[in-house]
Ligand SMILES: NC(=O)c1ccc[n+]([C@@H]2O[C@H](COP(=O)([O-])OP(=O)(O)OC[C@H]3O[C@@H](n4cnc5c(N)ncnc54)[C@H](O)[C@@H]3O)[C@@H](O)[C@H]2O)c1
């Protein structure tokens, strides 16, 4: 498939994990790739993979939770690659705690990166899409964006915010030809975030991924590529009649 030939896609958090898989998949579909991340060495690894596919790739250091820094990084990338047809808001962090033990600094940092970071990038990139009369946005929420679970209160709150922004913006910009959707991955292994969640789960005495596989209808955890395929679909014309949706990629664990 070459559904994104001639398009330029900006992927936040593309320096690792799911973001890297998304960048590579979009490049396989023919897109040139821009990446904003705070993980410089990781971005270079992703860029090498994208370039090996014959696509252009530019990277910029930037904290999505800092509006000015994110705007500076975006502008520098746009100057090199041209305007963006696709925005994937993937950057995120996970901090676990019981709701009643949540430290204000962890709450603020989680909301600053996971929720405000998405809002910042939307405000920086989407006005240009509206002006040009088209664009596709895919936001990374989570199955935990649809329901709180023990010890994931602040993370779930931040991912519910992503879904609310997705739905509101989708309706606001639909008349301008801009589609805005979200994906809600389940347990995705092979990423530093999953490793962090596993370590935090162990410390809190919560079941880890391998103990939870039996509760997943498809009896396996997901891979970054499982997510990347769906993101590429939503970013393509194949999903031309879809906006404001929140698609589960959870092996059947979630059905609403
Ligand atoms: N792994 C899972 O099981 C899972 C499940 C559901 C949703 N998600 C979501 O998918 C996305 C990617 O998750 P992942 O598992 O690949 O995580 P990851 O930790 O492997 O990658 C996240 C990337 O975001 C970058 N990043 C972090 N803070 C940033 C900031 N302030 N500014 C710019 N970049 C920043 C990191 O450097 C990293 O490269 C996240 O939004 C996460 O919440 C992951």
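Residue numbers (the working numbering): 102 to 357. Glycine included, every Cβ here is placed at the ideal spot set by N, Cα and C.
Look up residue 293 in the DSSP assignment and say whether it is helix, strand or coil. Here residue 293 sits in helix by DSSP.
Residue 176 burial status per 10 Å Cβ neighbour count (16 or more: buried): Residue 176 counts as exposed, since fewer than 16 other beta carbons sit within 10 angstroms of its beta carbon.
State the Cα-Cα distance for the pair residue 291 and residue 310, rounded to the nearest angstrom. Taking the straight line joining both Cα atoms gives about 11 Å.
Would you check whether ligand 1 has a heavy atom nearer than 7 Å to the C-beta of residue 348? Residue side-chain check: residue 348 keeps its Cβ at 7 Å or more from all non-hydrogen atoms of ligand 1.
Which first and last residues belong to the beta strand (DSSP E) in which residue 280 is found? From DSSP, the beta strand (DSSP E) with residue 280 extends over 279-286.
Would you check whether ligand 1 has a heavy atom nearer than 7 Å to the C-beta of residue 119? Yes - ligand 1 has a heavy atom lying nearer than 7 Å to the Cβ of residue 119.
On a Cα-Cα basis, can you pick out the residue from 287, 281 and 123 that is closest to residue 265? With distances taken between Cα atoms, residue 265 lies closest to 281.
Which residue marks the beginning of the alpha helix (DSSP H) containing residue 331, and which one marks its end? That run of the alpha helix (DSSP H) goes 325-336.
Tell me residue 125's beta-bridge partners as DSSP assigns them. BP columns for residue 125 are empty, so no partner.
Just the C-alpha distance for residue 328 and residue 285, rounded to the nearest angstrom, thanks. Those two C-alpha atoms are separated by around 9 Å.
Beta-carbon proximity of residue 288 to residue 322, cut-off 8 Å: If you check the CB distance, residue 288 and residue 322 come in under 8 Å.
Between which two residues does the alpha helix (DSSP H) carrying residue 313 extend? Per DSSP, residue 313 is one residue of the alpha helix (DSSP H) stretching across 310-313.
Mind checking who residue 194 pairs with in its DSSP beta bridge? Per DSSP, none; premise fails for residue 194.
Indicate, with yes or no, if ligand 3 has a heavy atom lying under 7 Å from the CB of residue 140. Ligand 3 is not among the ligands present in this structure, which contains only ligand 1.
Can you tell me whether DSSP reads residue 182 as helix, strand or coil? Shown here, residue 182 sits in a helix according to DSSP, grouped into three states.
Give a single yes or no on whether residue 294 has its beta carbon closer than 7 Å to a heavy atom of ligand 1. Checking the Cβ of residue 294 against ligand 1 gives yes.
With contact counted as at least three CB pairs below 8 Å, one residue from each stretch, are the region 341-349 and the region 124-140 in contact? Fewer than three pairs of CB atoms, one per stretch, sit closer than 8 Å, so the region 341-349 makes no contact with the region 124-140.
In the structure shown, what three-state DSSP assignment does residue 159 receive? Three-state DSSP puts residue 159 in a strand.
Beta carbon of residue 126, beta carbon of residue 330: below 8 Å? Yes, Cβ-Cβ distance for residue 126 and residue 330 is below 8 Å.
So who's on the other strand from residue 236, going by DSSP bridges? The partner list for residue 236 (beta bridge, DSSP) reads 279.
Assuming residue 130 contacts residue 104 under a Cβ cut-off of 8 Å, what Cβ separation, rounded to an integer in Å, is found between them? About 5 Å separates the two Cβ atoms, so the contact holds.
Cβ of residue 286 within 7 Å of any heavy atom in ligand 1? For ligand 1, at least one heavy atom lies less than 7 Å from the Cβ of residue 286.
For residue 245 versus residue 256, is the C-beta distance shorter than 8 Å? For residue 245 and residue 256, yes; Cβs fall inside 8 Å.
Decide if the region 157-174 is in contact with the region 213-222; the criterion is three or more beta carbon pairs, one per stretch, under 8 Å apart. Because the criterion of three Cβ pairs below 8 Å is met, the region 157-174 and the region 213-222 touch.
Look at residue 336 and residue 237 and say whether their C-beta atoms are less than 8 Å apart. In this structure, residue 336 places its C-beta atom within 8 Å of the C-beta atom of residue 237.
Counterpart residues of residue 164 in DSSP-defined beta bridges: Per the DSSP secondary-structure output, residue 164 pairs with nothing in a beta bridge.
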